[in-house]
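Taking the working numbering, I'd label the letters of the sequence shown as residues 327 to 408.
Backbone N, C-alpha and C define an ideal beta-carbon position, used for all residues, glycine too.
Below is one structure; the comments refer to it alone.
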Amino acid sequence: MGILAWIILGGGAGWVASMVMGTNARMGAIANIVVGVIGSVIGGWVFSFFGGYGVTGFNLYSFGVALVGACVLLGVAKAVMR
């Protein structure tokens with residue numbers, strides 16, 4: 327996947343994850359993209375570790391993997407900030 331696709335996928339996943347985790351009001355667009363891209367990496371690693379596939383391209387499965395990773399990242403960040 328190219329860098330633009332990572333940014334688009336990460337931005338969408340980060341935005342949805344921030345709404346799911348209740349942090350959307352505190353985050354801006356750049357933070358959503360960063361959380362989504364890092365979440366994609368985390369989600370891909372976790373899914374690969376458990377025998378699944380990581381982010382495989384610009385598709386719905388990859389969006390789900392990125393979303394799970396972004397939610398995990400936001401959950402850890404919320405726990406550390408408290």
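> Is the beta carbon of Leu335 sitting closer than 8 angstroms to the one on Ala392?
Replying inline: Within the sequence shown, numbered from 1, the residue matching residue 335 stands at position 9. Within the sequence shown, numbered from 1, the residue matching residue 392 stands at position 66. In contact: Leu335 and Ala392 (Cβ atoms closer than 8 angstroms).
> Measuring CB to CB, does Cys397 end up less than 8 angstroms from Ala343?
Replying inline: Here residue 397 refers to the residue found at position 71 when the sequence shown is read from its first residue. Here residue 343 refers to the residue found at position 17 when the sequence shown is read from its first residue. In contact: Cys397 and Ala343 (Cβ atoms closer than 8 angstroms).
> Under the three-state reduction of DSSP, which class applies to Asn358: helix, strand or coil?
Replying inline: Counted from its first residue, the sequence shown places residue 358 at position 32. Helix.
>> Less than 6 angstroms between C-beta atoms, sequence neighbours within five positions excluded: which residues of the same chain meet that for Thr382?
In response: Counting from 1 along the sequence shown, the entry for residue 382 is found at position 56. Within the same chain, Thr382 has close Cβ partners Ser388.
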